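Chemist: Residue numbers (my numbering): 23 to 169.
1. Going by DSSP, name the residue or residues bridged to residue 51.
2. Using three-state DSSP, classify residue 60 as helix, strand or coil.
3. Let me know the beta strand (DSSP E) ranges lying completely inside the stretch 78-112, each 3 residues or longer, listed in chain order.
4. Considering only C-alpha positions, which residue in the set 94, 50, 91, 109 is nearest to residue 32?
5. With respect to the beta strand (DSSP E) encompassing residue 152, which residues constitute its N-terminal and C-terminal limits?
6. Just reading off the beta strand (DSSP E) that residue 116 is part of, what are its end residues?
7. Do you know how far the Cα of residue 119 is from the Cα of residue 103?
8. Can you give me the C-alpha to C-alpha distance between residue 64 and residue 156, rounded to a whole angstrom?
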């Protein structure tokens, strides 16, 4: 059996966003429900893209759609924790990008959960993949990491 890789560190990530947890994030077992982790991934990355001016969710000609996702859980999180999402780019293609996200509980230096998702750049009207523009590339290239 393969040994599972341990949790990453804050220093493994390039950009950080803080996200508060909510009472409703807890499940019947008293910790954050697994679906919330995926929501935090999405919130962190899309918030970063919107604030950076490369994603206009209401009127932009292009949108980003998630086509694949995964999460590994290392430690529990719960309300009222503050989660810091670390973001990095593992692969930047012509029209797709693989983000890797680490979720850090409060001031912890090791990730409570880590995962990835792949965004594809889509023309809003045709719903077909289109190449990234220069602004997106300029934003994402500094986040690239090598394995």
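Positions of the beta carbon are idealized from the N, C-alpha and C atoms, including for glycine. These figures come from a predicted structure and were not determined experimentally.
Modeler: A quick look at the data gives this:
1. Answer is none; residue 51 lacks a bridge partner.
2. helix
3. 84-95
4. 109
5. Here residue 152 belongs to no beta strand (DSSP E), and DSSP marks it neither H nor E.
6. No beta strand (DSSP E) contains residue 116, which DSSP labels as neither H nor E.
7. 29 Å
8. 22 Å
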